[in-house]
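See structure below.
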Amino acid sequence: MPRKILIALLTAAVSIAAAGASRIRLIYGKGWNAASEEVKKAMESSAFKTACKGKFTTEFVDWAEGAGNVEGNLGSLKIPCIFVLDEKGRCFFVFENVPPNYPMDRMVKFINRLDAQRRAAESAGLDTPDKCGKFLEMMEKFVGGPKRIISPGFYSDVFDKLVQLDPGDKEGWQRHFQMGDGIDIVIKANEYRADKDMAGGEKFINAELAKPRKHLTKEQQQGLLMAKFALYRETPAKNEEMIKLLETVAKYDETTFWGTCALGWLNWRGKAPISTYWGWHKGDFSGTFTKEITYGVSYSFDKAGEYDISFEPTEGSVNISQVALYCGEAEVAVLKSKPFKFKLAREYAGKIDRMVVKGSTASDSAGNIVIRRQILRPRKKAQ
């Protein structure tokens with residue numbers, strides 16, 4: 000056999016062996032968790048083994064009811080739970096609360112794509128802080144967040160390399176992975192307010208704001224702003240400034256923990272924006288108007304199906320003549336006749352991000368925006 004062909008075959012064999020070392024681990028509850036038993040049965044089937052094509056081995060870890068973490072659990076009690084480990088034993092994918100009827104072939108196809116993406120990124124080299132940071136950032140969404148990806152059993156080795164390459168964290172990647180959602184910073188700001196040490200609180204927050212922020216997530220950026228709110232929320236002279244700050248936090252992303260928190264504080268202060276959560280308030284609609292509503296819209300249209308949209312005054316009266324629904328810049332639907340009915344296609348579920356409402360009112364009205372999804376089809380009348 001020619002030497003080049005032999006080398007190529009040996010290289011392929013090594014590659015297959017490395018891929019075969021990857022494992023799909025199921026944490027399940029024998030005898031007490033029915034969903035676990037179903038998922039385990041599916042993973043033991045010949046169809047599942049065929050889907051794996053020898054690239055992954057499977058292993059099962061029984062978790063006793065009421066017990067703490069078991070070896071190999073990697074920190075999840077949301078069973079049945081699947082962890083996928085690479086050839087070095089590092090977890091790159093977590094699937095918690097696996098539905099008992101989940102199509103396993105689909106999961107394996109996804110794992111294969113993700114594994115190929117991971118291998119390609121590692122093969123490209125992790126020799127700079129930015130490469131390490133971008134690799135970890137790419138993988139964090141598949142395991143449950145920035146802090147988890149750098150934990151033991153995941154990719155702590157890449158994070159250690161990042162620290163060695165940038166010990167002073169000039170690039171700010173370490174902060175991205177270590178900061179969490181900012182709750183510790185907000186708690187600290189609360190403590191300064193409780194101690195009436197406003198100067199100390201300002202110094203603390205300014206120091207946090209001075210650190211690199213270019214790689215922080217939206218929620219982390221929101222956390223920094225909410226720390227400032229935590230410090231000044233009981234300072235009357237800062238009231239208007241704090242309302243604007245809360246509005247900024249909510250506009251970043253209303254669906255995060257801090258976005259929801261900001262909307263709650265705005266509502267509590269009587270400054271809630273027009274939303275599907277709290278409707279509209281006096282002064283929001285006046286004369287002939289065109290108003291854009293963003294808060295709560297994607298949440299209200301989170302599933303495919305048929306919807307009814309109505310505007311129900313609690314004070315005064317209002318005439319809504321048109322409702323337009325948008326996904327980004329795309330106009331999904333324009334509704335001009337009452338009752339406003341809309342059939343949401345699956346591809347737009349959870350993606351409708353705003354409603355533009357046109358109408359008129361002769362009074363200073365307030366009311367609720369009611370969006371109902373029809374769960375059951377109306378029964379046909381008996382003949």
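Per numbering that gives the first Met the number 0, the sequence shown starts with residue 0, numbered consecutively.
Cβ coordinates follow ideal geometry from the N, Cα and C atoms, glycine included.
- [ ] Would you mind sorting Arg371 into buried or exposed? The rule is 16 or more other CB atoms within 10 Å of its CB.
- [x] One-based indexing of the sequence shown puts residue 371 at position 372. That one is exposed.
Task: Exposed unless 16 or more other CB atoms sit within 10 angstroms - verdict on Ala343 - done: For this step, residue 343 is matched to residue 344 along the sequence shown. Correcting the residue identity first, residue 343 is Leu in this sequence and not Ala. Buried, by the Cβ-count rule.
Open item on the list: Report the start-end ranges of each alpha helix (DSSP H) in the segment 122-205 that is 4 residues or longer and not cut off at the edges.
Closed with: 128-139, 145-148, 155-164, 172-177, 182-193
TODO: State the Cα-Cα distance for the pair Thr10 and Ile110, rounded to the nearest angstrom.
DONE: Position 11 of the sequence shown, counted from the start, is the residue given in the question as residue 10. Position 111 of the sequence shown, counted from the start, is the residue given in the question as residue 110. Here the model assigns Thr10 a pLDDT of 30, short of 50, so the residue's position is not dependable, and the following value carries that caveat. Rounded to the nearest angstrom, the two C-alpha atoms are 23 Å apart.
- [ ] Count the other C-beta atoms from every protein chain shown that fall within 10 angstroms of the C-beta of Gly269, then say buried if there are 16 or more, exposed otherwise.
- [x] Position 270 of the sequence shown, counting from 1, holds the residue named residue 269. The residue in question, Gly269, is exposed, as its Cβ has fewer than 16 Cβ neighbours within 10 Å.
Task: Segment contact flag, the segment 193-204 with the segment 167-179, C-beta cutoff 8 Å, min 3 pairs - done: no
Task: Gly258: first and last residue of the uninterrupted beta strand (DSSP E) it sits in - done: Counted from its first residue, the sequence shown places residue 258 at position 259. Where Gly258 is concerned, there is no enclosing beta strand (DSSP E), although the alpha helix (DSSP H) it sits in stretches over 256-267.
TODO: Would you check if the segment 181-189 and the segment 138-152 touch, i.e. whether three or more CB-CB distances between them fall below 8 Å?
DONE: no
TODO: For Phe341, collect the residues of the same chain with a Cβ closer than 7 Å to its Cβ; drop the 5 residues on either side in sequence, then sort them by chain order.
DONE: Residue 341 sits at position 342 when you count from the first residue of the sequence shown. If we look at Phe341 and ignore the five residues flanking it on each side, its Cβ neighbours are Tyr306, Ile308, Leu324, Ala332, Leu334.
TODO: Please look up how many angstroms separate the CB atoms of Ala50 and Asp104, rounded, as I've assumed it's under 8 Å.
DONE: By 1-based counting over the sequence shown, the position of residue 50 is 51. By 1-based counting over the sequence shown, the position of residue 104 is 105. Correct: roughly 5 Å between the Cβ atoms.
Task: Proximal residues to Lys3 (C-beta, below 8 Å), its chain only, five neighbours per side dropped - done: Position 4 of the sequence shown holds residue 3. Note that Lys3 scores 36 on pLDDT, short of 50, meaning its location in the model is unreliable; the coordinates nonetheless yield the value given after this. So no residue of the chain qualifies.
Open item on the list: Rounded to the nearest angstrom, what separates Gly222 and Lys250 at their Cα positions?
Closed with: Taking the sequence shown and counting its residues from 1, one reaches residue 222 at position 223. Taking the sequence shown and counting its residues from 1, one reaches residue 250 at position 251. Straight-line Cα distance between these residues: approximately 13 Å.
TODO: Would you tell me roughly how many angstroms separate the C-alpha atoms of Lys40 and Tyr101, rounded to the nearest one?
DONE: In the sequence shown, counting from the first residue as 1, residue 40 sits at position 41. In the sequence shown, counting from the first residue as 1, residue 101 sits at position 102. Going by the C-alpha atoms only, they are around 12 Å apart.
Task: Beta bridge counterpart(s) of Met106 as assigned by DSSP - done: By 1-based counting over the sequence shown, the position of residue 106 is 107. Beta-bridge pairing links Met106 to no other residue.
- [ ] Answer yes or no: do Val355 and Glu291 have a C-beta to C-beta separation smaller than 7 Å?
- [x] Here residue 355 is taken as the residue at index 356 of the sequence shown, counted from 1. Here residue 291 is taken as the residue at index 292 of the sequence shown, counted from 1. Going by C-beta atoms, Val355 is nearer than 7 Å to Glu291.
- [ ] Output yes or no for whether 7 Å exceeds the beta carbon distance between Glu314 and Ser364.
- [x] For this step, residue 314 is matched to residue 315 along the sequence shown. For this step, residue 364 is matched to residue 365 along the sequence shown. Yes, they are a contact pair.
- [ ] Measure the CB-CB distance between Val296 and Arg353 and report whether it falls below 7 Å.
- [x] As a working note, residue 296 is residue 297 in the sequence shown. As a working note, residue 353 is residue 354 in the sequence shown. Going by C-beta atoms, Val296 is nearer than 7 Å to Arg353.
Task: Trp257 and Glu233 closer than 7 Å at C-beta - done: For the purposes of this step, residue 257 is taken as residue 258 along the sequence shown, with counting starting at 1. For the purposes of this step, residue 233 is taken as residue 234 along the sequence shown, with counting starting at 1. Not in contact: Trp257 and Glu233 (Cβ atoms no closer than 7 Å).
- [ ] Could you tell me the distance, in whole angstroms, from the CA atom of Thr56 to the CA atom of Ala226?
- [x] Taking the first residue of the sequence shown as position 1, residue 56 is located at position 57. Taking the first residue of the sequence shown as position 1, residue 226 is located at position 227. Cα to Cα, Thr56 sits roughly 47 Å from Ala226.
- [ ] Pull up the distance between the alpha-carbon of Lys54 and that of Asp156, whole angstroms please.
- [x] By 1-based counting over the sequence shown, the position of residue 54 is 55. By 1-based counting over the sequence shown, the position of residue 156 is 157. So the alpha carbons of these two residues sit roughly 24 Å apart.
Open item on the list: Considering just the uninterrupted stretch of the alpha helix (DSSP H) at Gln408, what are its terminal residues?
Closed with: Outside the displayed range of the chain (0 to 382) lies residue 408, so it cannot be described from this structure.
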